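In the working numbering, the protein residues as written are 5 to 156.
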Amino acid sequence: MVMELIVEGKRVKLKGEPGLSRAGVSLRSMVKIIHEEGGGFLVELQSLEEQEEGEKKPIPALVQPHLREFEDVFQPPVGLPPDREQEHQIILKEGVSPISVRPYRYPQVQKDEIEKLVGEMLEGGIIQPSVSPFSSPVLLVKKKGWELEVLC
């Protein structure tokens, strides 16, 4: 895997090492690597399992006051995040054209709901129009109470 990005006006290339695969590592090994190499990275990945509606655990009483105190943090977004010092961009190989993918066909009822929700997100400033030749996948999911939600 290779990732290229621009940091402070300079192009930086990150290359993954195929030899690094899923393997357990002891604390002793990590300390040794850090001392010998002068640094390192430890990345831990955990799988998430989808819970059924009935399986949701109640919010602990100790957490509830904090949720109320910081209620504004847990509200739906009302716009795009502020501009950052570094803008993310994916640098493509020269001469590569977008892949032609046939759009997924939704029933008219779902298509109308997608258009309504996307319109609301555009009006709210949560998303912005794109002129990219690449498609943006949209997934329509049913929420509690048969309400539909768009995942972009």
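C-beta: ideal position from N, C-alpha, C; glycine also.
Keep in mind it's a predicted model, so treat the numbers as computed, not measured.
Selected residue, minimal CA-CA separation from residue i, among the options
i    : options                : result
R140 : V105, E117, K115, D116 : Checking the displayed sequence, the identity of residue 140 turns out to be Ser instead of Arg. Nearest C-alpha to S140: V105.
K14  : K97, P102, Q90         : Q90
V11  : S33, Q93, K19, F74     : Q93
F138 : S101, Q132, V77        : S101
P107 : L143, K97, E98         : L143
P80  : G129, V29, V135        : G129
V16  : I37, I95, E117         : I95
I131 : L84, K61, I63          : L84
Delimiting residues of the alpha helix (DSSP H) encompassing residue i
i    : result
I37  : 31-41
G116 : Residue 116 is actually Asp in this sequence, not Gly. Note, D116: alpha helix (DSSP H), 112-128.
Q68  : 68-73
Boundaries of the beta strand (DSSP E) in which residue i is found, first to last residue
i  : result
V6 : 6-11
Bridge partners - residue i, DSSP secondary structure assignment
i   : result
K14 : V11
K19 : V6
Any non-hydrogen atom of the ligand MG closer than 6 Å to residue i Cβ
i    : result
E117 : Of ligands this structure carries none, so the ligand MG is not represented either.
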